[in-house]
Amino acid sequence: MTLIQEAYDKYEGIYGYRRITIYLNHFKNARVNHKCVYRLMKLMGLKSVIRRRRYHYKKVSLSTLQKMC
1 MTLIQEAYDK YEGIYGYRRI TIYLNHFKNA RVNHKCVYRL MKLMGLKSVI
51 RRRRYHYKKV SLSTLQKMC
């Protein structure tokens with residue numbers, strides 16, 4: 001549980017259970033299952049920050065009728 005809390009604090013709550021699982025398995029050499037991490041995070045009340053998607057503006061192109069005028 002302390003490793004999960006440490007990873008959560010290190011990335012300021014941005015990482016969810018999937019990325020924390022990858023972090024623990026790859027960098028901390030702690031073989032953990034994603035379901036176990038999910039349950040423990042739920043018990044500790046840790047939730048990841050949901051970031052808003054960026055809005056992509058479309059370039060307005062002139063139609064053929066507007067070009068003729």
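The opening residue of the sequence shown carries number 1 in the UniProt record's numbering; numbering runs sequentially from there. We treat Cβ as the ideally placed atom computed from N, Cα and C, and that holds for glycine. Small disclaimer: the values here were computed from a predicted structure and weren't measured.
The shortest C-alpha to C-alpha distance from K35 to any of H56, N29, I22 is the one to I22. Within the UniProt domain "HTH-like" (2-54), no run of beta strand (DSSP E) reaches 3 residues while sitting entirely inside it.
Our two residues, M44 and Y57, have alpha carbons roughly 40 Å apart in a direct line. Sequence-distant Cβ neighbours of V32 in its own chain, meaning closer than 7 Å and more than five residues away, are T21, L24, N25. In this structure, M1 lies away from L46, with their beta-carbon atoms at least 7 Å apart.
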